[in-house]
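Undergrad: Would you mind keeping the following structure in view while I ask a few things?
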DNA sequence: GCGCCATTCGCAAACGATTGTATTCTCCCG
DNA sequence: CGGGAGAATACAATCGTTTGCGAATGGCGC
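Protein chains in written order, with our numbering: chain A, 17 to 356; chain B, 17 to 356.
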């Protein structure tokens, strides 16, 4: 069908050599060619609707103008905003987004990354969940521009964009404390995930700060960040410590599980036991009762991550690998109330 | 900084010319080279960890082994499963997924597609919402392998994977009719979207089939597939037709809006007015009351779409552009009950 | 008038694969 | 023993750019 117009066409039409045309069109090298010829070439290029062939260019310059975004689970609504945010800023700079789904467990996130690398992406945005993966540090050393989103590496040579979980959990605990709660429990996420571990530590820390008699006994760890595990953990927690008046969940879905556990025990959310979530996923305001939670700026994580990545790719090698901590906010709804 | 091993390296190491090495490694051309040499070359390739350079290959063969997936709104949880499903089957065939987000309105879905085409994707999976976009037909004629997902083109030259909305709405209406409802209303989606229009038509059709006195008056169109518009539409519908005992919403979010409208009017969901949703988005079972809805197999849409696309790309040009209709299922929860 | 520097541009070699064609070699048959 | 068929391989062009380098050109000072 339509014949692609190549640089050679433009050159011929403009009466110059292809190399001159190339230089003329490239803003970085156009200084070396007669301004008047630049003008002419650019005009011809526009008239012919010339677009450089990305593969040819990539082959020569060794970059594809595409970055890989690796997500542990595309179906998790959490990652939509991250992807969208990242995409929106990357597109501005002409990059496109290769998506890598590491859904099938955690081990082969590495495989997914390798696939992406196989496709010669220029950079990587990792939102995979696992803590401390050895290969991530290798990645950085290997010269692949990499940014972590919503997770941290044990090795801090790789910049990370994350949410200040300590502050976030603090918002929840303080809110409950202000309402008058003193016996507060925590349904934690799996300790194998950085988010699970950090929030748990933050919880203990704040209980100490607020002098609320922190007790590991008042913490129950869920097997996974989902409703069902939250329900199970909530149930064991509330039966083990029947005198709790509030529960801080490490995640909205866990909190929904706690809702169920509370009802199962014949109590009522907010009235008998207050509950807070974490993340502020969509539709939380439609729950019964609408859930008080900590909002994490996921979209901003995406944009910040992308921006940092662009930075990193621009000046290869050097670069202050500055990690960024975004600040969460408290969204008060109706799942929290003063203890009865 | 590891040096990439190129085909030349393999050839040298195996003591053959690079072209021979190329043919030996390619299953389609390996028949023309001595089986014994094939063996040797393959061995060397494996030992050296050779991977063909996708850009070099693409430049020559004119394909990138990547397909673009265009989504109207990445943040909509609906599209997670579609993407995940598509990705899972495309990865099997060595393709990777470029994601295009057409979030910013509807007009520039075309721009997004052009961006993707600029990146020389081999195929396109379109899940954008608009009806009848002229450029889609052009796309097909232009030789770009294209498959529509969850939407239809007015021009049917492009294969589409969609859900049988007529059957789906039928499930909802029949379910309500079986419960004894006779005065059933419909909160429709915007008629500018194919899903909005088709479900509305399906609703009328089934009301006729079941002889339930179909009346355009019992339909109110929401401005957008979201909770708030659903609330507004629900409110006007229920005040205009106060004797309705059930409402079929064109979408789960609209149905949630109707929940609110019903409460606003001092009535109770299920008890006074039954409500059905459409799509079965996550967490619907956590609502109060858990919502009866029609489940659409979105993940399967993704996989089917990808499969069809692979087909299309395999045999360029020919090809029965068979559209596929997937069948929805009814998920009965507690938002529907016999009329009081 | 000559040489030198700066500017502007063309030449050609990459990048790493695929693929049409030419070459070599072997073997067999007349 | 020569020639031709056929298999196996080598050669080289090509995809569309970028880019180091050398070659023109022109202006200027001595």
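Even glycine gets a Cβ: it sits at the ideal position worked out from N, Cα and C. On a predicted model such as this, the values are computed, not experimentally measured, just so you know.
Tell me the DSSP bridge mates of residue 117 (chain B)?
TA: Within the second chain, the letter at position 101 stands for residue 117 (chain B). Answer by DSSP bridge pairing, in chain order: B:87.
Undergrad: Tell me which residue opens and which closes the beta strand (DSSP E) that residue 235 (chain A) is part of.
TA: The residue labelled residue 235 (chain A) in the question sits at position 219 within the first chain. Unbroken beta strand (DSSP E) run through residue 235 (chain A): 235-237.
Undergrad: At 3 residues or longer, and completely inside the segment 169-234 of chain A: list those beta strand (DSSP E) runs for me, N to C.
TA: The segment 169-234 of chain A contains these whole beta strand (DSSP E) runs: 176-179 and 200-204.
Undergrad: Report yes or no: is there a C-beta of chain A within less than 8 Å of the C-beta of residue 243 (chain B)?
TA: Position 227 of the second chain, counting from 1, holds the residue named residue 243 (chain B). Yes, because at least one Cβ of chain A sits closer than 8 Å to the Cβ of residue 243 (chain B).
Undergrad: Closer than 8 Å, Cβ to any Cβ of chain B: which residues of the segment 128-147 of chain A, in chain order?
TA: If the cut-off is 8 Å between Cβ atoms, the segment 128-147 of chain A has 131, 132, 134, 135 and 136 near chain B.
Undergrad: Would you mind stating whether residue 184 (chain A) and residue 344 (chain A) have Cβ atoms separated by less than 8 Å?
TA: As a first step, residue 184 (chain A) must be located in the first chain, where it is residue number 168. As a first step, residue 344 (chain A) must be located in the first chain, where it is residue number 328. In this structure, residue 344 (chain A) lies closer than 8 Å to residue 184 (chain A) by Cβ.
Undergrad: Taking CB distances under 8 Å as the criterion, tell me whether residue 100 (chain A) reaches chain B.
TA: For this step, residue 100 (chain A) is matched to residue 84 along the first chain. At least one chain B Cβ lies under 8 Å of residue 100 (chain A).
Undergrad: Should residue 126 (chain B) be flagged as near chain A, meaning a C-beta pair shorter than 8 Å?
TA: Residue 126 (chain B) sits at position 110 when you count from the first residue of the second chain. No, its Cβ sits nowhere closer than 8 Å to a Cβ of chain A.
Undergrad: Less than 8 Å between CB atoms is the rule here; does residue 17 (chain B) satisfy it with respect to chain A?
TA: Against the second chain, residue 17 (chain B) aligns to sequence position 1. With a pLDDT of 46 at residue 17 (chain B), under the threshold of 50, the modelled position of this residue cannot be trusted; read the value that follows with caution. For residue 17 (chain B), the answer is yes, since a Cβ of chain A falls inside 8 Å of its Cβ.
Undergrad: Which residue marks the beginning of the beta strand (DSSP E) containing residue 325 (chain B), and which one marks its end?
TA: For the purposes of this step, residue 325 (chain B) is taken as residue 309 along the second chain, with counting starting at 1. Element bounds for residue 325 (chain B): not the beta strand (DSSP E) but the alpha helix (DSSP H), 314-330.
Undergrad: How far does the beta strand (DSSP E) with residue 309 (chain B) in it extend, from its first residue to its last?
TA: In the second chain, the residue the question calls residue 309 (chain B) occupies position 293. Here the beta strand (DSSP E) through residue 309 (chain B) covers 309-311.
Undergrad: Please tell me whether residue 344 (chain A) has its Cβ less than 8 Å away from any Cβ of chain B.
TA: Along the first chain, read from residue 1 onward, the residue named residue 344 (chain A) stands at position 328. No, no contact with chain B.
Undergrad: Count the other CB atoms, across all protein chains shown, that sit within 10 Å of the CB of residue 365 (chain A); report buried if there are 16 or more and exposed otherwise.
TA: Chain A is shown only over 17 to 356; residue 365 (chain A) falls outside these bounds and no answer can be derived.
Undergrad: Kindly give me the distance between the Cβ atoms of residue 36 (chain A) and residue 58 (chain A), rounded to whole angstroms, as I take these residues to be in contact under 8 Å.
TA: Working through the first chain from its first residue, we reach residue 36 (chain A) at position 20. Working through the first chain from its first residue, we reach residue 58 (chain A) at position 42. Going by Cβ atoms, the distance from residue 36 (chain A) to residue 58 (chain A) rounds to 12 Å, so no, they are not a contact pair.
Undergrad: Along the chain, where does the alpha helix (DSSP H) that runs through residue 272 (chain B) open and close?
TA: Position 256 of the second chain, counted from the first residue, corresponds to residue 272 (chain B). That run of the alpha helix (DSSP H) goes 268-280.
Undergrad: For residue 288 (chain B), tell me which candidate among B:279, B:295 and B:296 has the shortest Cα-Cα distance.
TA: Taking the first residue of the second chain as position 1, residue 288 (chain B) is located at position 272. Comparing Cα-Cα distances from residue 288 (chain B) to each of B:279, B:295 and B:296, the minimum goes to B:279.
Undergrad: From the DSSP output, in three-state form, read off residue 357 (chain B) for me.
TA: Lying outside 17 to 356, the shown extent of chain B, residue 357 (chain B) is not represented and no answer is given.
Undergrad: Between A:253, A:40 and A:318, which has its C-alpha nearest residue 406 (chain A)'s C-alpha?
TA: No answer is possible for residue 406 (chain A): the residues shown for chain A start at 17 and end at 356.
Undergrad: Taking C-alpha atoms, which residue in B:215, B:131, B:47 and B:42 lies nearest to residue 61 (chain B)?
TA: On the second chain, residue 61 (chain B) is found 45 positions in, with the first residue counted as 1. Selected option, being the one with the closest Cα: B:42.
Undergrad: Any beta carbon of chain A sitting closer than 8 Å to that of residue 349 (chain B)?
TA: Numbered from its first residue, the second chain carries residue 349 (chain B) at position 333. Chain A, which has no Cβ nearer than 8 Å to the Cβ of residue 349 (chain B), makes this no.
Undergrad: If contact is defined by three or more beta carbon pairs under 8 Å, each pair taking one atom from either stretch, is the segment 192-209 of chain A in contact with the segment 237-244 of chain A?
TA: Touching, per the Cβ criterion.
Undergrad: Mind checking residue 255 (chain B): buried by the 16 CB within 10 Å criterion, or exposed?
TA: Stepping through the second chain from its first residue, residue 255 (chain B) is reached at position 239. Exposed.
Undergrad: If you measure from the beta carbon of residue 96 (chain A) to each beta carbon in chain B, is any gap under 8 Å?
TA: To locate residue 96 (chain A), count along the first chain from 1; it is residue 80. Yes, contact with chain B.
Undergrad: Can you tell me where the beta strand (DSSP E) with residue 292 (chain B) in it begins and where it stops?
TA: Taking the first residue of the second chain as 1, we reach residue 292 (chain B) at position 276. Taken as a continuous stretch (DSSP letters only), the beta strand (DSSP E) holding residue 292 (chain B) covers 290-292.
Undergrad: By DSSP, does residue 17 (chain B) sit in helix, in strand, or in coil?
TA: As a first step, residue 17 (chain B) is located in the second chain; it is residue number 1 there, counting from the start. The predicted model places residue 17 (chain B) with a pLDDT of 46, which falls under 50 and marks its position as unreliable, so this point remains unresolved.
Undergrad: So, helix, strand or coil for residue 286 (chain A), using DSSP?
TA: Numbered from its first residue, the first chain carries residue 286 (chain A) at position 270. Coil.
Undergrad: For the candidate residues B:259, B:242 and B:207, whose alpha-carbon lies nearest to that of residue 234 (chain B)?
TA: One-based indexing of the second chain puts residue 234 (chain B) at position 218. For the residues B:259, B:242 and B:207, the minimum Cα distance to residue 234 (chain B) belongs to B:259.
Undergrad: Evaluate the contact criterion for the segment 299-306 of chain A versus the segment 80-87 of chain A: three or more CB pairs, one atom per stretch, below 8 Å.
TA: With a cut-off of 8 Å, the segment 80-87 of chain A and the segment 299-306 of chain A do not count as touching, because too few Cβ pairs lie within range.
Undergrad: Taking the continuous beta strand (DSSP E) assigned at residue 262 (chain B), which residues delimit it?
TA: The sequence position of residue 262 (chain B) within the second chain is 246, counting from 1. From DSSP, the beta strand (DSSP E) with residue 262 (chain B) extends over 262-265.
Undergrad: Apart from the five residues just before and just after residue 17 (chain A), which ones in its own chain have a Cβ nearer than 7 Å to its Cβ?
TA: Within the first chain, numbered from 1, the residue matching residue 17 (chain A) stands at position 1. Low per-residue confidence applies at residue 17 (chain A): pLDDT is 48, beneath 50, and the placement is therefore not dependable enough to give any value.
Undergrad: For the alpha helix (DSSP H) holding residue 246 (chain A), just list the boundary residues, first then last.
TA: Residue 246 (chain A) sits at position 230 when you count from the first residue of the first chain. Note, residue 246 (chain A): alpha helix (DSSP H), 243-256.
Undergrad: To be precise: take each residue of the segment 267-278 of chain A, compare its Cβ to all Cβ atoms of chain B, and keep it if any distance is under 7 Å. Which residues remain?
TA: Answer in chain order: 272.
Undergrad: Taking Cβ positions only, does residue 358 (chain B) come closer than 8 Å to chain A?
TA: Look at the range of chain B in this structure, 17 to 356, and you will see that residue 358 (chain B) is not part of it.
Undergrad: Could you check if residue 48 (chain A) is buried or exposed, using at least 16 other CB atoms within 10 Å of its CB as the buried criterion?
TA: Position 32 of the first chain, counting from 1, holds the residue named residue 48 (chain A). Exposed is the call here.
Undergrad: Where does residue 45 (chain A) land, buried or exposed, given buried means 16+ other C-beta within 10 angstroms?
TA: Numbered from its first residue, the first chain carries residue 45 (chain A) at position 29. Residue 45 (chain A) should be labelled exposed.
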